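In order, the protein sequence lines correspond to chains A and B. Mind the numbering: the first sequence is residues 1 to 312 in the numbering used here, read in order. Mind the numbering: the second sequence is residues 1001 to 1467 in the numbering used here, read in order. Glycine residues also receive a C-beta, built at the ideal position from the N, C-alpha and C atoms. Note that this is a predicted model, so its numbers are computed, not measured. Working notes for the structure below.
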Amino acid sequence: MKVLMCTDGEEYAEAAIQFGGRLAKEMNADVGVVHVRPPIAPSTRVQLMTARKKLGEWDLDLPGVDYLARANKILTKVGLTKVRASKGRRSHTFRKGVDGATELQLEGIHGENVRFRLREGNVVDEILEEANRGNYDLIIVSSRGHKGLSRYFVGSTALRVADLAACSVLIAKNIREDDNFLLCTDGSPLAEKAEIKGAEMARALGAKVTILSVAEEETGRKGAVRMARRAEMILGQMGIEATQKVRVGRPSEEIIDEALDHDIVVMGASGSSTVKKFFLGSVPLKVIEYGECPVLIFREKRGKISLDINTA
Amino acid sequence: MSFASWLKKRKWIVIGLLVGAILLSIPVPAGLTPIGMKALALVIVAFIFFITEPIPLPGVALFIAVSEALLGLAKPTAVAQSFMSDSVFFIMGSLMIATALVKQNLDKRIALAIVRVTGPCVDRIMLGLVSVSALLASFIGEHTVSAMMLPVGVSLIRFTSTDQRKVKNLSIVILLSIAYGAMIAGIGTPSGGARNAIMLAYWRELFDIEMGYFSWMKIAYPIILLEIPFITYFLYRSFTPEVKDLSPAIESMRLQVQEEGRMTQQSWTTIGIFLVTVLMWMTISDKIGLGITALIGVLLFLVAGVVRWEDLNNNVSWGTILIYGGAISLGIMMKRTGVAEWLSLSLLEWLEPTGIKSGIPLLAAMSVITIVFASIMTSGPTVGLLGPITLNVASLSGTSLMAAGFVTVISSSFVYLTAVASPACNIMYGSGYLKRSDFVKAGWKLTLISFLLLLLICGGYWSLLGL
């Protein structure tokens, strides 16, 4: 497995990296940490380059490098990487122009590949490009929790990455170390695969697993119970213990209600509908947007998609 | 790439050209000649391109040249001539001189000199940064100064705390002190900003007014001196820094500068040649032209061997020179085809119901319009496009041409609100220490203060000078 984490130097991003680092360590996964710098306007390129050269002369790191350095510290703390013995300056160990980014490559304690990458451009485009190039299986993006007005402004990066990525995405909102997993099932094959993936992660992290099945109306309760049982059975075969829960109501609301802020919600990207193959279904979208919980959107890896859908 | 996505990326090219085609096909409004209509169409299309930037800005300048020739507004040779003038030489020479100065690595010494005078208090350091950035920028331009001073600011911040989150406000006040200091001063002397050269070109080409280097300074410099304390005060009040005493940072900085050793012969030579050039600008440039004087300076640098051609080649923003050439060319054409006059008449007519006819109220209106335009495009094209109009408005309404020109140029630097409009802000934003909202938070107050100060100077000091 390969995990890509994104940082913008904020605290909530670093909480996500801490979680991702632990996950990667337990699952022996390769890790990439990417920071995307805002693009340089062509009209000020010359001056910006002068400014950067000057920063170098003053022995100062380029902007963004210290975010990655901090991410490295966090990964060391969770036990994924070792502190390097050499005391050489950090920015000198970064190599330029590897796959379109400035890169620092390290090896984890158990042989994991750990890369720190610095890119430049539109945040969403660059994260997706990085995920495509590195063939990652999971992108962890952080999102500021809902606080006051900010809920109406922030999180669009996370939302758009979740929407357009070719692989699974964990939107790490309010993420904590001791989070449990809430696997949501709707009986679709995709949801089943999502359950398995989620359960594997939960096992690696030693977290509890709950299966949630939501019926839209009281008449559907039976079917929901059946789906939850089936999921429990599949997990049982993997040797993972899970409790099951059935709720009645609108799926997105019930999921948010059940998860509150202490469960990682795991769900398939597009619900049962195969029509919306390329875009997020309405339920995951709502949970991401209105929930206080981290959400793992599971996707079967699809082929490379054109990034042109994005507005530049 | 599919056609649809190409269209989406380049939609403003299509829209701009469509608008142009429509303007060319509708009947000519009263008061405008057919050739004037063509020129007006080009001005509007160029305006759209300058704002939306569907192609790089130097490309827009090329578009202006090509269109002027193809629409038959001028002969190809005349188009080329309108692109290059003494003013463009002046812009080019100033950029080269700035490059030569930056290469000397004087920034560390300047930083140390500032903190030596100011001591460790944040407010005094801020005042020092604003003043020094302003002083330097008034001679060598805001771009260069902000690029040169950025490391000074960043190292003050980093030496205070390596955790950026603990010194958020400190980062803001220090970096914005540099940026705003540089921005207010770009108008101090003609060499402070390329847009000043545009105004000089318009005065000369359109109205036969000659303005010397020194007389420009006499008129514009007091505004800078007045703004320095205001900027410092309002920045400090808007963002109260977390740390008030920067002694540890200053100590680390002193150690770093000590490693540098003594100033080299080369640095002294560079400073000497620069001072000689400024002296020539102030004294003999009235006779030989600011541009030629600047080129003499550059030649001296090359003869003395303090700068290599490669440095100039790599560090001078040649696109900027093209942009300003294009803007000046467009302005000259606006005047020659009567578009400037027609637009000015329309503007005066439009302002009539508000009772604004001439004098200070008219200048205030010009200032507001310029600030709005400069905030959505960069300052160069703003002065380039608005200059001929404001000058014409002034001449039609009997307001001082000089005052109108100065108001246009000075107002175009009041773009504290956005990080996009000014290169100085852009460089600070690129350092990663600031958010876009930080610019807005301090910016609106400074815009307002600067506007009022300008009116004050305009009504008081300038009338004393008899402008």
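Of all the CB atoms in chain A, is at least one closer than 8 Å to the CB of residue i?
i, result
"residue 1317/B", "yes"
"residue 1184/B", "no"
"residue 1427/B", "yes"
"residue 1258/B", "no"
"residue 1132/B", "no"
"residue 1107/B", "yes"
"residue 1066/B", "no"
"residue 1265/B", "no"
"residue 1104/B", "no"
"residue 1158/B", "yes"
"residue 1088/B", "no"
"residue 1432/B", "yes"
Considering only the alpha carbon of each residue, which of the options lies closest to residue i?
i, options, result
"residue 1321/B", "1362/B, 1193/B, 1203/B", "1193/B"
"residue 111/A", "231/A, 208/A, 79/A", "79/A"
"residue 1024/B", "1218/B, 1399/B, 1009/B, 1041/B", "1041/B"
"residue 266/A", "220/A, 186/A, 241/A, 248/A", "186/A"
"residue 988/B", "1417/B, 1341/B, 1444/B", "A query on residue 988/B cannot be resolved here, the shown segment of chain B reaching from 1001 to 1467 and no further."
"residue 1298/B", "1002/B, 1003/B, 1097/B, 1290/B", "1097/B"
"residue 1068/B", "1337/B, 1295/B, 1218/B", "1337/B"
"residue 1260/B", "1212/B, 1108/B, 1084/B, 1073/B", "1108/B"
"residue 256/A", "60/A, 202/A, 290/A, 66/A", "290/A"
"residue 1253/B", "1026/B, 1447/B, 1110/B, 1463/B", "1110/B"
"residue 1011/B", "1283/B, 1049/B, 1292/B", "1049/B"
"residue 1448/B", "1319/B, 1073/B, 1364/B", "1364/B"
"residue 1178/B", "1249/B, 1147/B, 1034/B", "1147/B"
"residue 17/A", "52/A, 44/A, 137/A, 68/A", "68/A"
Who are residue i's beta bridge partners in DSSP?
i, result
"residue 35/A", "118/A"
"residue 219/A", "In the DSSP output, where bridge partners are listed per residue, residue 219/A has none listed."
"residue 247/A", "214/A"
"residue 167/A", "Beta-bridge pairing links residue 167/A to no other residue."
"residue 1301/B", "Per DSSP, none; premise fails for residue 1301/B."
"residue 105/A", "115/A"
"residue 139/A", "4/A, 169/A"
"residue 182/A", "210/A, 265/A"
"residue 296/A", "170/A, 266/A"
"residue 1245/B", "1121/B"
"residue 30/A", "2/A"
For residue i versus residue j, is the C-beta distance shorter than 8 Å?
i, j, result
"residue 204/A", "residue 75/A", "no"
"residue 139/A", "residue 165/A", "yes"
"residue 1277/B", "residue 1306/B", "no"
"residue 1151/B", "residue 47/A", "no"
"residue 190/A", "residue 300/A", "yes"
"residue 1413/B", "residue 1114/B", "no"
"residue 1403/B", "residue 1458/B", "yes"
"residue 1475/B", "residue 1213/B", "Absent from the structure is residue 1475/B, since the part of chain B shown begins at 1001 and ends at 1467."
"residue 1060/B", "residue 1078/B", "no"
"residue 956/B", "residue 1195/B", "Lying outside 1001 to 1467, the shown extent of chain B, residue 956/B is not represented and no answer is given."
"residue 198/A", "residue 296/A", "yes"
"residue 246/A", "residue 221/A", "yes"
"residue 1235/B", "residue 1173/B", "yes"
"residue 1488/B", "residue 1317/B", "Past the boundaries of the shown model lies residue 1488/B; chain B is included only from 1001 to 1467, so the question cannot be answered."
Any beta-carbon of chain B closer than 8 Å to the one on residue i?
i, result
"residue 315/A", "An answer regarding residue 315/A cannot be provided, because it is not within the stretch 1 to 312 covered by chain A."
"residue 121/A", "no"
"residue 104/A", "no"
"residue 47/A", "yes"
"residue 308/A", "Confidence in residue 308/A is poor, its pLDDT being 46 and thus under 50, which makes the residue's placement unreliable; the coordinate value appears in the next sentence. For residue 308/A, the answer is yes, since a Cβ of chain B falls inside 8 Å of its Cβ."
"residue 57/A", "yes"
"residue 60/A", "yes"
"residue 54/A", "yes"
"residue 9/A", "yes"
"residue 158/A", "no"
"residue 37/A", "yes"
"residue 76/A", "no"
How about residue i: is its C-beta nearer than 8 Å to some C-beta of chain E?
i, result
"residue 1120/B", "Among the chains of the structure shown, chain E does not appear; the protein chains present are A and B."
message: Within 8 Å, do at least three Cβ pairs link the region 1195-1205 of chain B to the region 1374-1389 of chain B?
response: yes
query: Using 8 Å as the threshold, is the region 1432-1440 of chain B in touch with the region 1333-1345 of chain B, meaning 3 or more CB pairs across them?
result: no
- prompt: Between the region 24-37 of chain A and the region 5-14 of chain A, do at least 3 Cβ pairs fall closer than 8 Å?
  reply: yes
query: Is it true that the region 1236-1247 of chain B meets the region 1161-1169 of chain B, where meeting means three or more beta-carbon pairs spaced less than 8 Å apart?
result: yes
query: So does the region 1205-1225 of chain B actually touch the region 1146-1162 of chain B, counting three or more Cβ pairs closer than 8 Å?
result: no
task: Evaluate contact between the region 1213-1226 of chain B and the region 1448-1458 of chain B, counting only Cβ atoms and requiring at least three cross-stretch pairs below 8 Å.
output: yes
- prompt: Using 8 Å as the threshold, is the region 1084-1096 of chain B in touch with the region 1287-1297 of chain B, meaning 3 or more CB pairs across them?
  reply: yes
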